[in-house]
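Single-structure report; data block below.
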Amino acid sequence: MKHKAFFIFMTALLIGSPLYAQKYKIALIHSYQEGYSGAGIVNKLFVKGLKDQQIDFQLRTFYLDCEKYESVEEEQRISEFADSIRSWEGDLIAVLDDQATYSIMACGNPYVRQIPVVFSGVNYPNQDLLAQYPNITGYIDKPDYLTTCRMIERIMGKVRIHILNGRTVLDRLIWKDLSEQCKGSEITLHQWKRQEALPGKLNIPISDKDDTEYESLHEKLNEYNHLDSTIVVRLSSDSVAARDLMWLSSGIFKYSLFLYTKRDYTTLRIGSLFDNPGFETINEGFGIKEYMLGGYFAPIETQLSDMTAGIKERLQGKIPVPAVKQIAKQHLVNWQAMKRYQIPLKAFHRNIPSCTGRGGKNTQLPS
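Given below as structure tokens:
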């Protein structure tokens with residue numbers, strides 16, 4: 016009888032321990048370079064999420080440094096990561112963001128098909144590649160451009176929202192998606208052209224003018240600061256002139272601001288050029304860059320909480336249904352940015368009552 020009681024006790028103890036007390040080897044692959052802005056927070060939240068799920072684990076972290084390499088080199092690099100994980104006898108690969116998620120499927124390493132892979136923070140997953148990998152599951156945050164533009168308008172009034180967009184596959188996906196979402200809405204889209212540097216009705220060149228004429232121009236620009244509609248302006252990252260970019264961001268136009276739709280070398284510092292607060296449709300860098308006021312997207316805390324819950328399922332041999340899930344979005348604002356730009360609380364409570372604050376010691380906007 017004593018032996019039976021002891022057996023029951025030990026069984027209960029094992030079942031109550033983290034995933035039956037097995038230590039799992041988990042590899043985490045970042046899309047960006049080691050030490051990128053936000054990496055420390057992401058790593059900390061990832062570890063916290065695994066612990067919250069009571070997973071006993073060893074962790075190895077890899078950085079793809081996607082901005083440094085062309086696609087062939089990038090895929091070779093992530094294939095080498097996979098070989099290293101195989102030699103380590105890893106149990107699962109966790110992948111963050113679009114570039115690493117695409118590359119791990121495109122690299123062709125056979126080991127990628129043999130191990131559970133969970134991705135997160137992806138805005139536009141490659142559906143054709145995903146269909147070839149039943150072992151890959153994950154979490155997406157598909158941007159909601161229209162809701163974000165309306166959030167901006169409710170806080171800032173009628174504005175001209177600038178996005179930096181080029182000819183890459185991701186850029187084309189972003190512009191196509193944005194165009195489709197805004198079709199038939201009150202938000203209009205414009206393609207930036209050099210002659211738009213000044214409103215056509217002013218017909219005043221911006222070079223070779225003396226101080227008097229610049230003062231006169233400034234007065235006319237102030238008159239033009241009153242918009243009757245919100246416009247999204249596409250600035251080509253392949254051709255926009257530096258002078259135009261400086262001019263648009265200089266604060267001459269109080270309605271001119273920047274919308275951060277992707278994280279790459281073309282956009283990393285652009286938001287800091289604008290005198291007015293910037294907004295985001297993605298969570299990368301949110302709460303870190305003091306000039307980014309907020310947006311409508313899935314917070315990084317939710318992203319990694321969902322991801323680590325999915326990792327637990329995969330380690331238990333389960334396949335989530337559906338295999339790819341949308342992470343819940345929120346209206347978010349950076350508390351420190353709000354104070355920096357002296358935006359009153361009533362702008363949020365009146366117009367966006369569900370808005371949540373981040374930054375400093377405050378996690379909720381004060382009442």
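Heads up, the sequence shown is in this note's numbering, so the first residue is 16 and it goes up one at a time. Backbone N, C-alpha and C define an ideal beta-carbon position, used for all residues, glycine too. Computed from a predicted model, the values in this text were never measured in an experiment.
Helix, strand or coil: how does DSSP classify residue i here?
i, result
"Ile334", "coil"
"Ile358", "coil"
"Arg283", "Reading the sequence as shown, one finds Leu at residue 283 and not Arg. Coil, per DSSP."
"Leu79", "coil"
"Ser135", "strand"
"Tyr47", "coil"
"Lys198", "coil"
"Asn180", "strand"
"Ala121", "helix"
"Ile108", "strand"
"Tyr84", "coil"
"Val339", "strand"
"Lys57", "Strictly speaking, residue 57 in this sequence is Val, with Lys absent from that position. Helix."
"Ile7", "Nothing about residue 7 can be reported from this structure: the residues present for the chain run from 16 to 382 only."
"Ile93", "helix"
"Lys63", "helix"
"Gln69", "coil"
"Lys344", "coil"
"Gln37", "coil"
Do residue j and residue i count as a contact pair if the criterion is CB distance below 8 Å?
i, j, result
"Asn150", "Asp113", "no"
"Asp253", "Arg329", "no"
"Thr282", "Leu179", "yes"
"Val133", "Ala109", "yes"
"Ala257", "Tyr306", "no"
"Leu43", "Ile326", "no"
"Leu302", "Thr163", "Reading off the sequence shown, one finds Gly at residue 302, where the question assumed Leu. Contact flag unset, no."
"Phe294", "Tyr275", "yes"
"Thr152", "Ile334", "yes"
"Val339", "Leu308", "no"
"Val57", "Ile315", "yes"
"His177", "Phe312", "no"
Alpha carbon to alpha carbon, how far is residue j from residue i? Give it in angstroms, no decimals.
i, j, result
"Arg165", "His346", "11 Å"
"Ser244", "Tyr270", "11 Å"
"Thr371", "Pro292", "17 Å"
"Gly123", "Ile285", "35 Å"
"Ile119", "Ser46", "10 Å"
"Arg175", "Ala54", "32 Å"
"Gln142", "Gln206", "29 Å"
"Ser287", "Val336", "41 Å"
"Ser102", "Val127", "13 Å"
"Tyr148", "Lys59", "29 Å"
"Ala115", "Ala343", "22 Å"
"Ile100", "Ile189", "33 Å"
"Gln73", "Val62", "10 Å"
"Val248", "Gly199", "17 Å"
"Met171", "Ser251", "24 Å"
"Lys66", "Lys38", "12 Å"
"Pro332", "Asp186", "In the sequence under discussion, the amino acid at residue 332 is Gly, which differs from the Pro named in the question. Those two C-alpha atoms are separated by around 36 Å."
"Lys40", "Gly105", "5 Å"
"Ile317", "Lys354", "Sequence check: residue 317 is Thr here, not Ile. Approximately 25 Å, taken between the alpha carbons."
"Lys304", "Pro131", "34 Å"
"Ser194", "Pro140", "19 Å"
"Lys191", "Val184", "11 Å"
Given residue i, which residues of its chain have a CB within under 6 Å of its CB, disregarding the five upstream and five downstream residues?
i, result
"Gly64", "Leu319, Ser320, Thr323"
"Glu168", "Thr245"
"Tyr280", "Glu82"
"Gln210", "For Gln210, the predicted model reports a pLDDT of 44, less than 50, meaning its position is unreliable; a value from the coordinates is still stated below. Answer for Gln210: no residue qualifies."
"Tyr154", "Ser135, Asp321, Met322, Lys340, Ile342"
"Ser264", "Leu288, Phe289"
"Ser86", "none"
Residues in the same chain with beta-carbon distance under 7 Å from residue i, minus the five sequence neighbours each way, listed in chain order, please.
i, result
"Ala121", "Glu90, Leu144"
"Glu299", "Gly53, Arg278"
"Lys157", "Asn138, Gln341"
"Asp80", "Tyr47, Gln48"
"Arg92", "Leu79, Tyr84"
"Lys173", "Leu242, Asp243, Ser244, Thr245, Tyr270"
Excluding five sequence neighbours on each side, which residues of the same chain lie with their C-beta closer than 8 Å to the C-beta of residue i?
i, result
"Gln196", "Asp159, Tyr160, Leu161"
"Gln129", "Asn150"
"Leu260", "Leu250, Ile285, Leu288"
"Ser2", "An answer regarding residue 2 cannot be provided, because it is not within the stretch 16 to 382 covered by the chain."
#### Entry: Length-filtered (4 minimum) alpha helix (DSSP H) runs lying within the segment 141–172
142–145, 160–171
### Query
Hey, which unbroken runs of the alpha helix (DSSP H) at 4 residues or more fall wholly within the segment 240–327?
List check, alpha helix (DSSP H) in window: 257–264.
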